[in-house]
Amino acid sequence: MAKYVLALDQGTTSSRSILFNHQGQIEATSQEEFEQIFPSPGLVEHNPEAIWESQLATAREVIDQSGAALSDIAAIGITNQRETIVLWEKETGKPVANAIVWQSRLTADRCDQLKAEGYERLFREKTGLLLDAYFSGTKIEYLLNTIEGLREQAQAGKILFGTIDTFLIWRLTGGRVHVTDPTNACRTLLYNIHTLEWDDELLNVFDIPRCMLPEVKSSSEVYGETAPELFGEPIKIAGIAGDQQAATFGQGCFEPGSAKNTYGTGCFMLMNTGDKPVLSENGLLTTVGWSIGGKVTYCLEGSIFVAGAAIQWLRDGLQIIESAAEIEDLAGQVEDTGDVFFVPAFVGLGAPYWDQDARGTLVGLTRGATRAHVSRAVLESLAYQTCDVLHAMEQDSQIKLKTLKVDGGAAANNLLMQFQADMLDVPAQRPVVHETTALGAAYLAGLAVGFWHDQAEVTRNWALDAEFQPQMEASRRDQLYRRWKQAVERSRDWV
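With our numbering applied, the sequence shown covers 16 to 510.
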């Protein structure tokens, strides 16, 4: 009997592979960073070959490191940075351009044009999304418009589109399988979350040929097998979910009203809203949480573009710290920020503002401000942005959050987690296994092949590492939040 499930976690700054056992514990892990390409301010690209090579290398490394026989691996589950697009030649598998990353503001003007033409309501109602450069549709349109002859090739069936999950599966199967799942499809601006199909009316807006799109299958089923030459024997590929939905699944947020927040490159809070989509009135996104066995679960999502990326900026841009881990000690040297507030709107503001023209702002500086004050302000900005999202979420769902499950790299920061609990006035619960994104992908794959029997079994694997209880007085919380909102206003409409 198989002992493990292999999760491939293709993120924005690195590719990871993690081997999980039956208890949902990590047996082996490997991670490799790859180059971030910034052609000009606000634009972000990746080399698809670097994504593929780093992901394959970590998968091989984790198998070698664990000493696992290939027969010990029940299946592969894939989770990925969402919205990022790759177009490639069907015949050769060669990408036609760099991947355009979800963070890229390349098509912001096109989104503004579509809004001016009155398209926002159509997209909102059909996709649950807003017209923003964040999503895939305008990125695909841009490449089809700017690379000579590409649209004609696409119409002839010679060019394929995929989000990162689709591209990896195409490569893993040796070009035999062109597939995605609803959690990724629903982030493209091309997928109808009510009919659960690609939508011809939306495709026509962008003049995107339907034949270049992958088949949409459920989040948990066997899609195919890896080409034998990659690992020595074929391994079933049986789970797909975009990173934030995978983390929600990995956190066991199976009941309506349960929620998690992932503190990664960005911050992403998702709340399970059950089997019907709730369209937001407060700047949130409606997204497919997962699709299993013919049953679809929906979520409300608040997408925050810059979270851990702001800590990387302290390290790489300002060089205030040498490693991201240093920020907790440095920020802890002061009791508060000294009324310094940081709004990390490097690429605009996401939920609930959706202001493409906002830019990063550091306000409240005095001669007494130090590295520690600035570092603490950066750290606290993650918590404030999460507050913005939760307030919108509670209004839309009419559900008062009881606890927030937290994960992602910055969730290891105790100072941040305590401040988060204080500002939300609800407990923050951190699980023993922080890698909930990869774990969710593993669960989806394992459920498809019988490695786990049902969602109740995977729920029992969830274990608490730490719980942070609110300690701040309400008057102090309200005062800080008012100041944060003032800082946000100063960052808006800058461009």
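A virtual CB, placed ideally from N, CA and C, is assigned to each residue, including glycine. Predicted model only: the values in this text are computed from it and were never measured.
Consult DSSP for Gln80 and reduce its assignment to one of helix, strand or coil.
Position 65 of the sequence shown, counting from 1, holds the residue named residue 80. Residue state, collapsed to three classes: helix.
Output the distance between the C-alpha atoms of Leu121 and Arg507, rounded to the nearest integer angstrom.
As a working mapping, residue 121 is identified with position 106 in the sequence shown. As a working mapping, residue 507 is identified with position 492 in the sequence shown. About 19 Å.
Compute the Euclidean distance between the alpha carbons of Ala123 and Glu68, then round it to the nearest angstrom.
In the sequence shown, residue 123 corresponds to position 108, counting from 1. In the sequence shown, residue 68 corresponds to position 53, counting from 1. Each residue's Cα considered, the two are about 30 Å apart.
Using 8 Å for Cβ pairs, my map puts Ala456 next to Thr198. What's the rounded Cβ distance?
For this step, residue 456 is matched to residue 441 along the sequence shown. For this step, residue 198 is matched to residue 183 along the sequence shown. Wrong, their Cβ atoms sit about 10 Å apart, outside the cutoff.
According to DSSP, simplified to helix, strand and coil, what is Ser318?
Taking the first residue of the sequence shown as position 1, residue 318 is located at position 303. Ser318: strand per DSSP, three-state reduction.
Please name the residue, chosen from Val503, Glu244, Glu488 and Phe483, that lies closest to Gln433 on a Cα-to-Cα basis.
For the purposes of this step, residue 433 is taken as the residue at position 418 of the sequence shown. The residue with the shortest Cα to Cα distance from Gln433 is Phe483.
If you draw a straight line from the alpha carbon of Leu431 to that of Asn297, how long is it in whole angstroms?
To locate residue 431, count along the sequence shown from 1; it is residue 416. To locate residue 297, count along the sequence shown from 1; it is residue 282. If you take the alpha carbons of Leu431 and Asn297, they lie about 26 Å apart.
In angstroms, rounded to a whole number, what distance separates the CA positions of Met227 and Gln170?
Counting from one through the sequence shown, the residue named residue 227 turns up at place 212. Counting from one through the sequence shown, the residue named residue 170 turns up at place 155. One C-alpha to the other measures close to 8 Å.
Hey, Ser234 and Trp305 are a contact pair by Cβ (cut 8 Å); roughly how many whole angstroms apart?
The residue labelled residue 234 in the question sits at position 219 within the sequence shown. The residue labelled residue 305 in the question sits at position 290 within the sequence shown. With a Cβ gap of about 4 Å, Ser234 and Trp305 count as contacting.
Pick out whichever of Leu333, Thr277 and Ala325 has its Cα sitting closest to the Cα of Leu394.
Here residue 394 refers to the residue found at position 379 of the sequence shown. Out of Leu333, Thr277 and Ala325, Ala325 has the C-alpha closest to the C-alpha of Leu394.
Taking 7 Å as the threshold (C-beta atoms), are Leu299 and Gly317 in contact?
Reading the sequence shown from its first residue, position 302 is the one you call residue 317. Reading the sequence shown from its first residue, position 284 is the one you call residue 299. Contact flag set, yes.
Kindly identify the DSSP beta-bridge partner or partners of Thr312.
The residue given as residue 312 occupies position 297 in the sequence shown. Note: Thr312 sits in a beta bridge opposite Trp305.
So, are the CB atoms of Ala407 and Pro359 less than 7 Å apart?
Residue 407 sits at position 392 when you count from the first residue of the sequence shown. Residue 359 sits at position 344 when you count from the first residue of the sequence shown. No, the pair does not count as a contact, with Cβ atoms beyond the cut-off.
Decide if the stretch 22-35 is in contact with the stretch 68-86; the criterion is three or more beta carbon pairs, one per stretch, under 8 Å apart.
Flag = yes, the stretch 22-35 and the stretch 68-86 touch.
Where Val311 and Tyr458 are concerned, what is the direct C-alpha to C-alpha distance, given to the nearest angstrom?
The sequence position of residue 311 within the sequence shown is 296, counting from 1. The sequence position of residue 458 within the sequence shown is 443, counting from 1. So the two alpha carbons sit approximately 16 Å from each other.
Could you give the distance in angstroms between the alpha-carbon of Gln266 and the alpha-carbon of Ala83?
Locating residue 266 in the sequence shown gives position 251, where the first residue counts as 1. Locating residue 83 in the sequence shown gives position 68, where the first residue counts as 1. Cα to Cα, Gln266 sits roughly 26 Å from Ala83.
Would you report the Cα separation of Tyr238 and Gly461, rounded to the nearest angstrom?
Translated into the one-based positions of the sequence shown, residue 238 becomes position 223. Translated into the one-based positions of the sequence shown, residue 461 becomes position 446. The straight-line gap from Cα to Cα measures roughly 13 Å.
Out of Gln494, Leu85 and Gln40, which one is the CA nearest neighbour of Phe246?
Against the sequence shown, residue 246 aligns to sequence position 231. Phe246 has its Cα closest to that of Leu85, out of Gln494, Leu85 and Gln40.
Is there contact between the stretch 249-266 and the stretch 204-221, where contact requires at least three CB pairs shorter than 8 Å?
At 8 Å Cβ cutoff, the stretches do not touch.
Between Glu450 and Leu137, what straight-line distance do the alpha-carbon atoms span, to the nearest angstrom?
Residue numbering aside, residue 450 sits at position 435 when the sequence shown is read from its first letter. Residue numbering aside, residue 137 sits at position 122 when the sequence shown is read from its first letter. Distance between the alpha carbons of Glu450 and Leu137: 36 Å.
Where does Gly113 fall in DSSP's three states?
Sequence index remark: in the sequence shown, residue 113 carries index 98 (1-based). The residue you asked about is not Gly; residue 113 is Asn in the sequence shown. Asn113: coil per DSSP, three-state reduction.
For the beta strand (DSSP E) containing Asn199, name the first residue and the last one.
As a position in the sequence shown, residue 199 is number 184, starting the count at 1. Taken as a continuous stretch (DSSP letters only), Asn199 belongs to no beta strand (DSSP E), being part of the alpha helix (DSSP H) at Pro197 to Ala200.
Taking only three categories from DSSP, how would you classify Ser233?
Along the sequence shown, read from residue 1 onward, the residue named residue 233 stands at position 218. Coil.
Using only alpha-carbon positions, find the residue among Tyr149, Phe35 and Ala65 that is nearest to Trp467.
Residue mapping note: residue 467 aligns to position 452 of the sequence shown, counting from 1. Comparing Cα positions, the closest option is Phe35.
May I ask you to verify whether the stretch 433-445 touches the stretch 417-425, counting CB pairs closer than 8 Å and requiring at least 3?
The stretch 433-445 is in contact with the stretch 417-425.
Please name the residue, chosen from Ile336, Ile335 and Thr288, that lies closest to Tyr313 on a Cα-to-Cα basis.
For the purposes of this step, residue 313 is identified with residue 298 of the sequence shown, where counting begins at 1. It is Thr288 whose Cα lies nearest to the Cα of Tyr313.
Can you find a C-beta in chain B that's less than 7 Å from the C-beta of Gly133?
The displayed structure is made up of one protein chain only, and chain B is not part of it.
Counting Cβ pairs closer than 8 Å, one from the stretch 340-357 and one from the stretch 45-56, do we hit at least three?
Taking 8 Å as the limit for Cβ pairs, the verdict is that the stretch 45-56 does not touch the stretch 340-357.
Going by the CB atoms, is the gap between Pro56 and Pro110 shorter than 7 Å?
Translated into the one-based positions of the sequence shown, residue 110 becomes position 95. Translated into the one-based positions of the sequence shown, residue 56 becomes position 41. For Pro110 and Pro56, no; Cβs fall outside 7 Å.
What number of angstroms, rounded off, separates the C-alpha of Gly347 from the C-alpha of His37?
Counting from one through the sequence shown, the residue named residue 347 turns up at place 332. Counting from one through the sequence shown, the residue named residue 37 turns up at place 22. Cα to Cα, Gly347 sits roughly 38 Å from His37.
In the stretch 327-390, which residue ranges form an unbroken beta strand (DSSP E) of at least 3 residues, counting only runs that do not cross its ends?
List check, beta strand (DSSP E) in window: 356-358 and 376-378.
Could you have a look at Met408 and say whether DSSP puts it in helix, strand or coil?
Looking up residue 408 in the sequence shown gives position 393. Residue state, collapsed to three classes: helix.
When the Cα atoms are used, what is the spatial distance from Asp493 to Ala398?
Against the sequence shown, residue 493 aligns to sequence position 478. Against the sequence shown, residue 398 aligns to sequence position 383. Their Cα atoms are separated by approximately 14 Å.
Do Ala114 and Thr99 come within 7 Å of each other at the CB atom, strictly closer than that value?
For this step, residue 99 is matched to residue 84 along the sequence shown. For this step, residue 114 is matched to residue 99 along the sequence shown. Yes, Cβ-Cβ distance for Thr99 and Ala114 is below 7 Å.
Report the rounded CA-to-CA distance for Phe320 versus Lys130, giving the unit in angstroms.
Walking along the sequence shown from the start, residue 320 turns up at place 305. Walking along the sequence shown from the start, residue 130 turns up at place 115. Taking the straight line from one Cα to the other gives about 21 Å.
Give a yes or no on whether the C-beta atoms belonging to Gly375 and Phe361 are separated by under 7 Å.
Locating residue 375 in the sequence shown gives position 360, counting from the first residue. Locating residue 361 in the sequence shown gives position 346, counting from the first residue. Cβ atoms of Gly375 and Phe361: closer than 7 Å.
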